[in-house]
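J.: Sequence lines, in order, name chains A and B.
Sequential numbering of the first sequence, starting at 0, is according to numbering that gives the first Met the number 0.
Sequential numbering of the second sequence, starting at 0, is according to numbering that gives the first Met the number 0.
The structure that follows is given in the form of structure tokens.
There are 2 protein chains.
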Amino acid sequence: MSVASSMRGFPEWLPDGQLVEQHVLATLRRTFELHGFAPLDTRSVEPLETLLEKGETDKEIYVLRRLHAEPGEPSSGLGLHFDLTVPFARYVRENAGKLVFPWKRYQVQKVWRGERPQEGRYREFLQADVDVVGRGELAAHFEAELPLVAADALGRLPIPAVTIQVNSRKIVDAVFGEVGVEDRTGAFRAVDKLRKIGPEAVRALLVEAGASRAQAEVCLRLCSIRSTDLSFVDEVLALGVRSDLLDEGLAELSAVLEAGRLLGEGATPFVADLQITRGLDYYTGTVYETVMEGLESIGSVCSGGRYDNLVGGAGNEAYPGVGLSIGVTRVLGPLFSKGRLRASRSVPTCVLVAVADEEHRPVSDRVASVLRSRGIPAEVSPTAARYGRQIRHADQRGIPFVWFPAGAGPEGGGRSEVRDIRTGDQVPADEHEWSPPTADLEVTIWGE
Amino acid sequence: MSVASSMRGFPEWLPDGQLVEQHVLATLRRTFELHGFAPLDTRSVEPLETLLEKGETDKEIYVLRRLHAEPGEPSSGLGLHFDLTVPFARYVRENAGKLVFPWKRYQVQKVWRGERPQEGRYREFLQADVDVVGRGELAAHFEAELPLVAADALGRLPIPAVTIQVNSRKIVDAVFGEVGVEDRTGAFRAVDKLRKIGPEAVRALLVEAGASRAQAEVCLRLCSIRSTDLSFVDEVLALGVRSDLLDEGLAELSAVLEAGRLLGEGATPFVADLQITRGLDYYTGTVYETVMEGLESIGSVCSGGRYDNLVGGAGNEAYPGVGLSIGVTRVLGPLFSKGRLRASRSVPTCVLVAVADEEHRPVSDRVASVLRSRGIPAEVSPTAARYGRQIRHADQRGIPFVWFPAGAGPEGGGRSEVRDIRTGDQVPADEHEWSPPTADLEVTIWGE
Numbered sequence: 000m001s002v003a004s005s006m007r008g009f010p011e012w013l014p015d016g017q018l019v020e021q022h023v024l025a026t027l028r029r030t031f032e033l034h035g036f037a038p039l040d041t042r043s044v045e046p047l048e049t050l051l052e053k054g055e056t057d058k059e060i061y062v063l064r065r066l067h068a069e070p071g072e073p074s075s076g077l078g079l080h081f082d083l084t085v086p087f088a089r090y091v092r093e094n095a096g097k098l099v100f101p102w103k104r105y106q107v108q109k110v111w112r113g114e115r116p117q118e119g120r121y122r123e124f125l126q127a128d129v130d131v132v133g134r135g136e137l138a139a140h141f142e143a144e145l146p147l148v149a150a151d152a153l154g155r156l157p158i159p160a161v162t163i164q165v166n167s168r169k170i171v172d173a174v175f176g177e178v179g180v181e182d183r184t185g186a187f188r189a190v191d192k193l194r195k196i197g198p199e200a201v202r203a204l205l206v207e208a209g210a211s212r213a214q215a216e217v218c219l220r221l222c223s224i225r226s227t228d229l230s231f232v233d234e235v236l237a238l239g240v241r242s243d244l245l246d247e248g249l250a251e252l253s254a255v256l257e258a259g260r261l262l263g264e265g266a267t268p269f270v271a272d273l274q275i276t277r278g279l280d281y282y283t284g285t286v287y288e289t290v291m292e293g294l295e296s297i298g299s300v301c302s303g304g305r306y307d308n309l310v311g312g313a314g315n316e317a318y319p320g321v322g323l324s325i326g327v328t329r330v331l332g333p334l335f336s337k338g339r340l341r342a343s344r345s346v347p348t349c350v351l352v353a354v355a356d357e358e359h360r361p362v363s364d365r366v367a368s369v370l371r372s373r374g375i376p377a378e379v380s381p382t383a384a385r386y387g388r389q390i391r392h393a394d395q396r397g398i399p400f401v402w403f404p405a406g407a408g409p410e411g412g413g414r415s416e417v418r419d420i421r422t423g424d425q426v427p428a429d430e431h432e433w434s435p436p437t438a439d440l441e442v443t444i445w446g447e
Numbered sequence: 000m001s002v003a004s005s006m007r008g009f010p011e012w013l014p015d016g017q018l019v020e021q022h023v024l025a026t027l028r029r030t031f032e033l034h035g036f037a038p039l040d041t042r043s044v045e046p047l048e049t050l051l052e053k054g055e056t057d058k059e060i061y062v063l064r065r066l067h068a069e070p071g072e073p074s075s076g077l078g079l080h081f082d083l084t085v086p087f088a089r090y091v092r093e094n095a096g097k098l099v100f101p102w103k104r105y106q107v108q109k110v111w112r113g114e115r116p117q118e119g120r121y122r123e124f125l126q127a128d129v130d131v132v133g134r135g136e137l138a139a140h141f142e143a144e145l146p147l148v149a150a151d152a153l154g155r156l157p158i159p160a161v162t163i164q165v166n167s168r169k170i171v172d173a174v175f176g177e178v179g180v181e182d183r184t185g186a187f188r189a190v191d192k193l194r195k196i197g198p199e200a201v202r203a204l205l206v207e208a209g210a211s212r213a214q215a216e217v218c219l220r221l222c223s224i225r226s227t228d229l230s231f232v233d234e235v236l237a238l239g240v241r242s243d244l245l246d247e248g249l250a251e252l253s254a255v256l257e258a259g260r261l262l263g264e265g266a267t268p269f270v271a272d273l274q275i276t277r278g279l280d281y282y283t284g285t286v287y288e289t290v291m292e293g294l295e296s297i298g299s300v301c302s303g304g305r306y307d308n309l310v311g312g313a314g315n316e317a318y319p320g321v322g323l324s325i326g327v328t329r330v331l332g333p334l335f336s337k338g339r340l341r342a343s344r345s346v347p348t349c350v351l352v353a354v355a356d357e358e359h360r361p362v363s364d365r366v367a368s369v370l371r372s373r374g375i376p377a378e379v380s381p382t383a384a385r386y387g388r389q390i391r392h393a394d395q396r397g398i399p400f401v402w403f404p405a406g407a408g409p410e411g412g413g414r415s416e417v418r419d420i421r422t423g424d425q426v427p428a429d430e431h432e433w434s435p436p437t438a439d440l441e442v443t444i445w446g447e
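Below you can see the structure in the form of structure tokens.
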């Protein structure tokens with residue numbers, strides 16, 4: 000009942016879905032701020048040369064033109080951003096002199112991609128990114144901190160449990176390098192498809208990329224390693240490869256798992272999964288992908304990694320960073336479609352203040368105003384229909400309480416009363432003192 | 000210090016401005032929900048025929064094209080929305096069967112207009128709309144309720160005091176009609192310019208629109224009427240015009256002022272101002288414009304009105320509504336430029352947890368985690384530099400407290416301590432019990 004969209008690729012939700020989405024976004028913002036991340040909102044539009052800077056052409060870009068452009072007027076040269084990393088990098092480059100590093104920011108915005116819409120693929124969708132960026136250097140411990148922030152945020156949402164699959168590009172790079180795979184990019188790309196096409200097809204791709212059968216075998220053995228504890232280290236070392244880069248990668252990946260274990264109180268949400276490479280992306284250290292339990296088929300809902308220079312080509316200074324991006328629409332869309340997210344009511348209102356007759360509407364207005372001043376969402380009945388109909392108005396929206404103000408018409412009587420319309424219990428109440436049960440104050444969201 | 004924008008018409012803020020904007024948006028959402036308005040977020044993109052439905056061509060529209068469109072591929076036929084009313088109307092039309100009326104919604108989103116950027120005019124900017132829409136009919140009392148919601152929301156922001164100027168199209172229509180002005184649209188348009196071009200020029204425009212000198216005189220006298228109480232009624236009646244439409248308009252405008260007085264506790268934010276007509280817009284009853292004290296020159300920051308059929312052409316049923324739109328960017332931009340909005344710190348963090356040495360980082364991580372679980376925004380120092388430098392790291396960001404965990408290195412000693420770095424006071428503290436003063440818990444925003 001939550002999906003309303005009428006245009007493929009541009010999802011919209013019905014009112015209950017809207018409430019769920021607002022709740023999710025507020026929870027994400029709140030969690031990011033609890034971790035000290037500062038908000039950033041960039042314009043939605045970038046010059047095309049900025050969007051194409053990294054040479055990526057696999058993301059379809061929407062370019063803008065004024066409807067009333069004069070014939071021969073040059074194109075605006077502007078396009079809608081397709082992710083939040085490119086505008087973040089541009090913002091850091093432009094404002095580096097006014098930022099204090101390391102700078103932690105979160106960014107919750109829509110992005111646009113002119114791709115063919117399919118299940119889980121949208122043309123307009125919401126992302127929630129967290130990144131930390133340093134100037135010159137950035138300590139490795141952030142590679143453990145960032146996925147913990149994402150895990151905390153996802154853990155507070157009414158969605159299925161998630162597993163964050165972690166790997167280090169350094170490990171893969173070291174092993175592939177030591178065994179002699181020359182086309183490293185081709186090999187990464189091949190391995191990235193492992194879950195989709197299976198080991199046989201990946202073996203063929205690796206051989207195509209110039210690996211021998213023996214080399215491909217080692218690569219595939221590496222990629223099959225997966226552990227929630229540090230046992231992956233011995234398994235990798237058993238492949239017989241040794242190098243400084245490998246040691247670095249193993250130490251960094253171990254640190255991520257350790258940090259997860261220390262804070263995770265029992266089951267860690269992290270898994271070392273050596274087949275995660277993030278394909279063509281420009282990561283240089285730890286990389287992350289996240290799956291929701293029972294919904295693995297929709298792919299990663301929170302991905303990212305460590306990069307060595309975010310800003311690129313901006314003078315001599317490098318701006319290394321670590322970041323993750325939560326695909327908010329990608330998480331909500333399938334859950335809405337399956338009817339697995341519910342809101343306790345379809346409006347924020349906790350109390351509907353009844354109106355005895357139009358003459359006494361100001362009495363009801365004042366009651367609602369007092370309730371609001373005490374943080375209780377309240378609205379006044381749209382009509383002075385008989386009370387039965389006013390109660391029905393509340394019921395249709397899931398509003399739990401109806402207030403009957405004192406001194407407002409014959410039924411209101413000499414004292415105010417409030418009725419819990421779910422139980423029918425009606426008690427005398429003073430708007431300066433009465434409070435609803437905590438569970439009823441705000442809309443409650445839950446997953447099934 | 001808050002404005003960062005590098006591209007004219009596409010404003011962006013520095014980190015302190017970002018915090019202010021987030022605070023403003025959260026306050027608006029919270030206030031709208033306290034009044035029972037439900038959230039709505041629509042896609043940013045509409046079919047061009049939807050955008051052009053009302054025949055408006057004065058808003059410049061950005062149309063979209065895929066960068067990799069094949070030659071000869073038809074245009075996407077899509078444009079970015081230029082306000083939040085058109086997508087709201089389209090959403091109501093599409094989902095009317097699943098909505099419960101009267102439906103109250105708020106919508107906080109960016110809109111785009113390809114206009115020439117100037118002071119206070121943007122190409123991408125944030126609006127915050129509240130509307131109530133009925134099916135078939137909508138009671139007049141909503142024309143008093145909606146501006147009260149807007150006044151409540153604006154009153155909670157750290158901005159100069161606002162005055163909501165209210166008028167009724169019915170009054171203007173009745174008077175203009177009774178005195179014999181034939182080109183009513185031309186007259187509205189002329190009067191709308193009164194504040195900009197003065198009475199002499201408006202008189203000329205009215206005559207141009209077919210009014211006699213005497214008729215123009217009555218129109219101008221009507222437009223000069225302005226009162227914070229109900230005295231406007233007698234002044235209008237003194238013009239000598241009588242009609243049912245006029246009585247209706249006077250009663251409705253009086254009701255708005257009365258509602259403001261009842262709830263306003265002293266000075267009402269409402270002024271009856273008979274020159275407000277909202278130019279070309281499609282309003283049919285009460286109309287609103289809002290000015291900020293001392294910043295009248297930037298024009299209205301919150302406008303709207305009553306309309307008789309939002310949806311237009313959707314079968315036999317009419318969808319009357321009342322709504323107002325707050326120009327968030329239009330409010331913030333000038334205040335940022337003048338340095339009149341301040342944030343108490345540049346990050347959400349309340350406590351920086353110091354790190355004795357990298358080996359003890361997990362101790363600090365655990366302290367921060369406990370503080371966060373108690374709702375206290377906390378982050379861990381990025382480096383294990385000497386404590387003086389870690390304190391400076393907090394100071395640079397305005398973080399008020401630095402925490403020194405127990406059992407973490409020689410300086411940490413046997414007990415945890417927390418220092419208020421503004422006063423230098425350092426006291427023993429337990430992360431399970433200590434709380435900052437309420438004023439320090441979250442970033443504080445204030446206007447000057």
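Note that the Cβ used here is the ideal one computed from N, Cα and C, for glycine as well.
Because the structure is a prediction, the values reported are computed rather than measured.
Sort out for me which residues DSSP pairs B/D272 with in a bridge.
T.: According to DSSP, B/D272 bridges with B/R225.
J.: Which residues mark the beginning and the end of the beta strand (DSSP E) in which A/D163 is found?
T.: Inspection of the sequence shows that residue 163 of chain A is occupied by Ile rather than by Asp. Residues V161 to S167.
J.: The alpha helix (DSSP H) that contains B/Y90, what's its start and end?
T.: Per DSSP, B/Y90 belongs to the alpha helix (DSSP H) from T84 to N94.
J.: Reducing DSSP to helix, strand and coil, say where B/G411 ends up.
T.: No answer about B/G411 holds up, because its pLDDT of 49 lies below 50 and its placement is not dependable.
J.: Return the CA-CA distance between B/A68 and A/Y61, expressed in angstroms with no decimal places.
T.: For B/A68 and A/Y61, the distance between alpha carbons rounds to 10 Å.
J.: Quick one: give me the first and last residue of the alpha helix (DSSP H) that B/S363 is part of.
T.: Counting along the chain, the alpha helix (DSSP H) containing B/S363 begins and ends at R360 to S372.
J.: Please tell me whether A/P73 has its Cβ less than 7 Å away from any Cβ of chain B.
T.: Closer than 7 Å: no.
J.: Relative to the C-alpha of A/A393, which residue among B/H80, B/Q17 and B/G35 is closest?
T.: The candidate whose alpha carbon is nearest that of A/A393 is B/G35.
J.: Is there contact here, the region 341–361 of chain B with the region 69–82 of chain A, by at least three beta-carbon pairs under 8 Å?
T.: With a cut-off of 8 Å, the region 69–82 of chain A and the region 341–361 of chain B do not count as touching, because too few Cβ pairs lie within range.
J.: Could you give the first and the last residue of the continuous beta strand (DSSP E) run that contains A/S302?
T.: From DSSP, the beta strand (DSSP E) with A/S302 extends over C301 to Y306.
J.: Counting only Cβ pairs nearer than 9 Å, list the residues of chain A close to B/T227.
T.: Going along chain A, no residue has its Cβ under 9 Å from B/T227, so there is no contact; the nearest lies around 18 Å.
J.: Mind listing which residues of the region 315–347 of chain B have their C-beta closer than 9 Å to chain A's C-betas, in chain order?
T.: Result list: S345, V346 and P347.
J.: Give the C-beta separation of B/L331 and B/V23 to the nearest angstrom, bearing in mind that I take them to be a contact with Cβ-Cβ under 8 Å.
T.: At roughly 7 Å, the Cβ-Cβ gap stays under 8 Å, so B/L331 and B/V23 are in contact.
J.: Note the first and the last residue of the continuous beta strand (DSSP E) segment covering A/F124.
T.: That run of the beta strand (DSSP E) goes E123 to V132.
J.: I'd like to know whether the C-beta of B/E136 is nearer than 7 Å to at least one C-beta of chain A.
T.: No - not a single Cβ of chain A is within 7 Å of the one on B/E136.
J.: Do A/E11 and B/T26 have their CB atoms nearer than 7 Å?
T.: Not closer than 7 Å, so no.
J.: Between the region 88–101 of chain A and the region 296–304 of chain A, can you find at least three pairs of beta-carbon atoms closer than 8 Å?
T.: Flag = no, the region 296–304 of chain A and the region 88–101 of chain A do not touch.
J.: Taking one C-beta from the region 414–423 of chain A and one from the region 394–401 of chain A each time, how about it: are there three or more such pairs within less than 8 Å?
T.: Verdict: yes, contact present.
J.: Closest to B/R341 by CA distance: which of B/I444, B/A203, B/A127 and B/L47 is it?
T.: For B/R341, the nearest C-alpha among the options comes from B/I444.
J.: For B/E45, report the span of its alpha helix (DSSP H) as first-last.
T.: Careful: B/E45 lies outside any alpha helix (DSSP H), inside the beta strand (DSSP E) at V44 to P46.
J.: Pairs of beta-carbons, one from the region 215–231 of chain A and one from the region 159–176 of chain A, closer than 8 Å: are there three or more?
T.: Touching, yes, given that three or more Cβ pairs across the two stretches are closer than 8 Å.
J.: How about the region 119–126 of chain B and the region 358–374 of chain A: do they share at least three Cβ pairs that are nearer than 8 Å?
T.: The region 119–126 of chain B is not in contact with the region 358–374 of chain A.
J.: If you count every other CB in all the chains shown that lies within 10 Å of the CB of A/D228, and 16 or more means buried, which is it?
T.: Classification for A/D228: exposed.
J.: Going by DSSP, name the residue or residues bridged to A/P38.
T.: Partner(s): A/Y105.
J.: Apart from the five residues on each side of it in sequence, which residues of its chain come closer than 6 Å, Cβ to Cβ, to A/V346?
T.: So the qualifying residues of the chain are R396.
J.: Looking at chain A, is there any beta carbon in it that lies within less than 7 Å of the beta carbon of B/R421?
T.: No, B/R421 lies away from the interface with chain A (no Cβ there is under 7 Å from its Cβ).
J.: Counting contacts by CB-CB distance shorter than 7 Å, is B/G411 in contact with chain A?
T.: For B/G411, the pLDDT reaches just 49, beneath the cut-off of 50, and the residue's location in the model is therefore unreliable, leaving the point undetermined.
J.: Which whole-angstrom value is the C-beta distance of A/G278 and A/F187, which I expect to be below 8 Å?
T.: Right, the Cβ-Cβ distance comes to about 6 Å (below 8 Å), so this counts as a contact.
J.: Using beta carbons (cut-off 7 Å, strictly below), is B/R65 in contact with chain A?
T.: Judged by the 7 Å Cβ criterion, B/R65 is in contact with chain A.
J.: Would the beta-carbon of B/A127 fall within 7 Å of that of B/V327?
T.: Yes. Within cutoff.
J.: Given the structure, does B/V350 come close to the ligand NAP, in the sense that its CB is under 6 Å from one of the ligand's heavy atoms?
T.: Among the components of this structure there are no ligands whatsoever, and the ligand NAP is therefore not found.
J.: How would you list, in chain order, the residues of chain B whose beta-carbon sits under 9 Å from the beta-carbon of A/I60?
T.: Residues of chain B passing the Cβ test: R65, L66 and H67.
J.: So, for A/R371: in the same chain, excluding its five sequence neighbours on each side, which residues have a beta-carbon less than 8 Å away from its beta-carbon?
T.: Taken in chain order, the residues that qualify are A377.
J.: Taking only three categories from DSSP, how would you classify A/Y281?
T.: The answer is coil: DSSP assigns A/Y281 none of H, G, I, E or B.
J.: Taking the alpha-carbon of A/Y281 as reference, which of A/M6, A/E52 and A/L47 has the nearest alpha-carbon?
T.: When only C-alpha atoms are compared, the closest one is A/E52.
J.: State yes or no: is the beta carbon of B/A186 nearer than 7 Å to at least one beta carbon in chain A?
T.: No, no contact with chain A.
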